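Colleague:
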Amino acid sequence: MAEKLNLEKSLALFEEAKRLSPGGVMGIRRPYNFVPGEYPIFIKEGYAGHIIDEDGNDYIDMLCAYGPILLGYVEPEINNEAIKQMEKGFCFSLVQKYQNLLLQKLTEIIPCAEMGILVKTGSDATSCAVRIARGYTGRTKIIRCGYHGWHDWCVEVHGGVPKKVYEDVYEFHFNDLSELEKIFEENKDEVACVIITGVGHPLNAPVVEPEPNFFKGAEELAHKNGAVFILDEIRTGFRFGMGGAQKRYGINPDLAVYGKALANGYAIAAVVGREQIMKVAEKEVFISSTYFPNSLEMVAALKCIEILEREQVAEKIWERGIEFNKKLTEITKEIPYPITVSQVPPMPFITFDKDEEGLYKERRTKFYTAAIRRGLFIQPFHHWYICYRHTQEDLEKALSVIKEALHESI
Ligand SMILES: Cc1ncc(COP(=O)(O)O)c(C=O)c1O
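Mapping the sequence shown onto this note's numbering, position 76 (from 1) lands on 77, and the numbers just tick up by one.
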């Protein structure tokens, strides 16, 4: 085993954080989502495809802030736009023209986008799209597939969410059209919308691409039943090409939502879609927040999109992802226990399959411990990402760390 990292400062900050905030840090950033005691908790800074923790350990980061970092950390071209905007002001009682510039751009690059609304987080965007769909159809029920954020309509089984709020929400599995059809049949004329992620990415499971007729079938079922078809592109947007998963896979949604990679880390998200449906937000449906019109993130998004287009970032990452996954698959062939390698190019991942001896959890912990000790930051339960600033050397190093870590986990 490689030597344990010095995480003294991270752990001390975490102790302090626990006094100051419930659980110290929120949600998916808590230590139990990694390997407690082995992973850093507080990050000091980032550069290119790397992060440095508070103790000075440098890692190749293949979690990419859970998705926003599509280019890399600290992009001077984007930051300079943001700084210029800070000097002019970006938070006003009225909107600035950057709203129009960004929406114009989104309508040019996203196939289903005739109009849009700019918000701040992915959860804002999915909730906004669902509200528009409910307003448009005059119906209540929602069918969902995948993670769509933290708001009441999309988190089951948690404290603080009234059961009655979730009673109108039905879940089905990615690529399972018959399950979707059954829910529609059992809720005739009551479903406002179906919302589906661009690829299937449940926690702790392989990432899967859509089967050839999945989205076509979902679209037909939605429309046959008078429901709005929403595509959740929060993870796939820009990462799968400028037109997102909808362009890559030929999906034809009524509404689509974007966030994360739209501005390489600046907090902005968007709902776009068919004019006829979006227009319900002219009067009937209320959408407003103090920070929605802030322009700092809009100018960052505009610059980010310019770079993504100019350098064909998504295409290059896709190519690197194919190569990475091919090598990863080769490496895993040497391992005598069952693991599954995801094959969606920009989102590499391996899952430790349940085995008869019940050793998969122990192996997974050993693997991630060995990886973090060697300077590769990846998550045990969430797929990884390749970003544009990961160099060939970074990716080769990541593969060699993975190989060593897998062998150490046998
Ligand atoms: C597919 C998808 N939709 C929605 C969200 C919610 O976005 P946010 O965390 O920015 O609120 C996420 C976040 O991970 C996501 O992956």
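Idealized CB from N, CA, C, for every residue including glycine.
Since we're looking at a predicted model, the values are computed, not measured.
Can you determine whether any heavy atom of ligand 3 sits closer than 7 Å to the C-beta of H149, and answer yes or no?
Modeller: With respect to ligand 3, the structure offers nothing, as its ligand set consists of ligand 1.
Colleague: By Cβ distance, which residues of its chain are closer than 7 Å to R365, with the 5 residues on each side in sequence left out?
Modeller: Within the sequence shown, numbered from 1, the residue matching residue 365 stands at position 364. The answer, listed in chain order, is F353, P381.
Colleague: Any chance the CB of T122 is under 7 Å from a heavy atom of ligand 1?
Modeller: On the sequence shown, position 121 is the one that residue 122 refers to. Yes, Cβ of T122 sits closer than 7 Å to a heavy atom of ligand 1.
Colleague: Should I127 be listed as close to ligand 1, given that the test is whether its C-beta is under 7 Å from any heavy atom?
Modeller: By 1-based counting over the sequence shown, the position of residue 127 is 126. Correcting the residue identity first, residue 127 is Thr in this sequence and not Ile. T127: yes, Cβ under 7 Å from ligand 1.
Colleague: Taking buried to mean at least 16 other C-beta atoms within 10 Å of its own C-beta, is R311 buried or exposed?
Modeller: Position 310 of the sequence shown, counted from the first residue, corresponds to residue 311. Note on R311: under 16 other CB atoms within 10 angstroms of its CB, so exposed under the neighbour-count rule.
Colleague: Tell me whether E82 is buried or exposed, calling it buried when 16 or more other Cβ atoms sit within 10 Å of its Cβ.
Modeller: By 1-based counting over the sequence shown, the position of residue 82 is 81. E82 comes out buried.
Colleague: Excluding sequence positions up to five away, which residues of its chain have a Cβ less than 6 Å from the Cβ of T198?
Modeller: Here residue 198 refers to the residue found at position 197 when the sequence shown is read from its first residue. Once the five neighbours on either side are set aside, the close Cβ partners of T198 are G147, D233.
Colleague: Does the beta-carbon of D233, which I'm using as the reference point, lie nearer than 7 Å to any heavy atom of ligand 1?
Modeller: As a first step, residue 233 must be located in the sequence shown, where it is residue number 232. Yes, ligand 1 has a heavy atom inside 7 Å of this Cβ.
Colleague: Count Cβ pairs between the region 102–114 and the region 320–329 that sit closer than 8 Å; are there 3 or more?
Modeller: no
Colleague: Measuring CB to CB, does G1 end up less than 8 Å from G260?
Modeller: Residue coverage of the chain in this structure runs from 2 to 411, which leaves residue 1 outside it and unanswerable.
Colleague: Would DSSP call Y250 helix, strand or coil?
Modeller: Looking up residue 250 in the sequence shown gives position 249. Note: Y250 maps to helix in three-state DSSP.
Colleague: Please determine, among L396, T333, P207, the residue with the shortest C-alpha to C-alpha distance to H408.
Modeller: Position 407 of the sequence shown, counting from 1, holds the residue named residue 408. It is T333 whose Cα lies nearest to the Cα of H408.
Colleague: According to the Cβ coordinates, are K5 and R374 closer than 8 Å?
Modeller: By 1-based counting over the sequence shown, the position of residue 5 is 4. By 1-based counting over the sequence shown, the position of residue 374 is 373. Yes, the pair counts as a contact, with Cβ atoms nearer than the cut-off.
Colleague: Report the option in I403, T291, P203 whose CA atom is closest to the CA atom of E335.
Modeller: One-based indexing of the sequence shown puts residue 335 at position 334. Per the Cα distances, I403.
Colleague: Quick check on DSSP: helix, strand or coil for I133?
Modeller: Position 132 of the sequence shown, counting from 1, holds the residue named residue 133. Helix at I133.
Colleague: Which one or two residues does DSSP pair with I340 in a beta bridge?
Modeller: The residue labelled residue 340 in the question sits at position 339 within the sequence shown. Its beta-bridge partners are F353.
Colleague: Using the C-alpha atoms, what's the distance from E168 back to V162?
Modeller: In the sequence shown, the residue the question calls residue 162 occupies position 161. In the sequence shown, the residue the question calls residue 168 occupies position 167. V162 and E168: Cα-Cα distance of roughly 11 Å.
Colleague: Given a threshold of 16 other Cβ atoms within 10 Å of its Cβ, counted over all protein chains shown, does I411 qualify as buried or as exposed?
Modeller: Residue mapping note: residue 411 aligns to position 410 of the sequence shown, counting from 1. Result: exposed.
Colleague: Would the beta-carbon of L1 fall within 8 Å of that of R321?
Modeller: Residue 1 lies beyond the residue range present for the chain, which begins at 2 and ends at 411; the question has no answer from this structure.
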